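Single-structure report; data block below.
In the working numbering, the protein residues as written are -11 to 182.
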């Protein structure tokens, strides 16, 4: 276990310290901020409302996915496994490039940002794929960018965001399975408005 944690810290030093540039320093703190993504959330809401027959269920299941991933990550896992964040870890004192306004005091494991965004990306990927095709995978790029930003700004280790992503992917997939069982919507014709 110590070897894995040491590898995690080494990878963190690489992603947070060595691979930095002025553009990322300016942009990535905004990428991890949920307010930045409000226009995307509004667009997705309007897109779903305007195009999908089962729009209310898609919105409800999306909200439930976010609530579940947040509960799993923030309430359950973080209370079971406490891990100091890199920005407050004495082993990394003077080595962390901390570029946001505060260092959260909650456990670093798992990343709730990663869990929430990968959960939504996974659920919407499966729901939207029959309609928008390969573009549905763009949600994973979005979630991955937010997860990477968490490491870059100094608030999470790579294992934290990887575990958060796994929690999100599993929850999003599970919610999609429930959505299909509940609505029976599995193809383009059943999903789109008539």
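Quick reminder that beta carbons are idealized off the backbone N, C-alpha and C, glycines included. Bear in mind the structure is a predicted one, so any value in this text is a computation, not a measurement.
Task: Same chain only: Cβ atoms within 7 Å of residue 84, ignoring 5 sequence neighbours per side - done: Here residue 84 refers to the residue found at position 96 of the chain shown. Only 4, 74, 75 and 142 meet the Cβ criterion.
TODO: Return the chain-ordered list of same chain residues with a C-beta closer than 7 Å to the C-beta of residue 182, the five sequence neighbours on each side being excluded.
DONE: The residue given as residue 182 occupies position 194 in the chain shown. Low confidence applies to residue 182: its pLDDT is 40, below 50, so where it sits in the model is not reliable, and the reading given next is rough at best. These residues qualify, in order along the chain: 41.
- [ ] Can you give me the Cβ contacts of residue 127 inside the same chain, cut-off strictly under 6 Å, excluding the 5 residues immediately before and after it?
- [x] Taking the first residue of the chain shown as 1, we reach residue 127 at position 139. Same-chain partners within the cutoff: 109, 112 and 113.
- [ ] With DSSP collapsed to three states, give me the class of residue 70.
- [x] As a working mapping, residue 70 is identified with position 82 in the chain shown. If DSSP states are grouped into helix, strand and coil, residue 70 belongs with coil.
Open item on the list: Measuring CB atoms only, is the stretch 14 to 31 touching the stretch 123 to 139, in the sense that at least three cross pairs come out at less than 8 Å?
Closed with: yes
- [ ] Could you check what DSSP says for residue 18 in three-state terms: helix, strand or coil?
- [x] The residue you call residue 18 lines up with position 30 of the chain shown. Helix.
Open item on the list: Rounded to whole angstroms, what is the Cα-Cα separation between residue 93 and residue 77?
Closed with: The sequence position of residue 93 within the chain shown is 105, counting from 1. The sequence position of residue 77 within the chain shown is 89, counting from 1. Using only the alpha carbons, I get a separation of about 11 Å.
Task: Contacting residues, own chain, Cβ-Cβ under 6 Å from residue 167 (five flanking each side not counted) - done: Numbered from its first residue, the chain shown carries residue 167 at position 179. Cβ neighbours of residue 167 within its own chain (closer than 6 Å, five residues either side excluded): 49.
Task: Secondary structure of residue 164, DSSP reduced to three states - done: The residue given as residue 164 occupies position 176 in the chain shown. Helix.
Open item on the list: Please state whether the Cβ-Cβ distance between residue 60 and residue 159 is less than 8 Å.
Closed with: The residue you call residue 60 lines up with position 72 of the chain shown. The residue you call residue 159 lines up with position 171 of the chain shown. Their beta carbons are under 8 Å apart, which means residue 60 touches residue 159 by this criterion.
TODO: Specify, as a first and last residue, the run of the alpha helix (DSSP H) that residue 52 falls within.
DONE: The residue given as residue 52 occupies position 64 in the chain shown. Unbroken alpha helix (DSSP H) run through residue 52: 43 to 58.
- [ ] Compute the distance between the beta-carbons of residue 69 and residue 99, then report whether it is under 8 Å.
- [x] The sequence position of residue 69 within the chain shown is 81, counting from 1. The sequence position of residue 99 within the chain shown is 111, counting from 1. Not in contact: residue 69 and residue 99 (Cβ atoms no closer than 8 Å).
TODO: Please classify residue 40: does DSSP put it in a helix, a strand, or coil?
DONE: By one-based count along the chain shown, residue 40 stands at place 52. Residue state, collapsed to three classes: strand.
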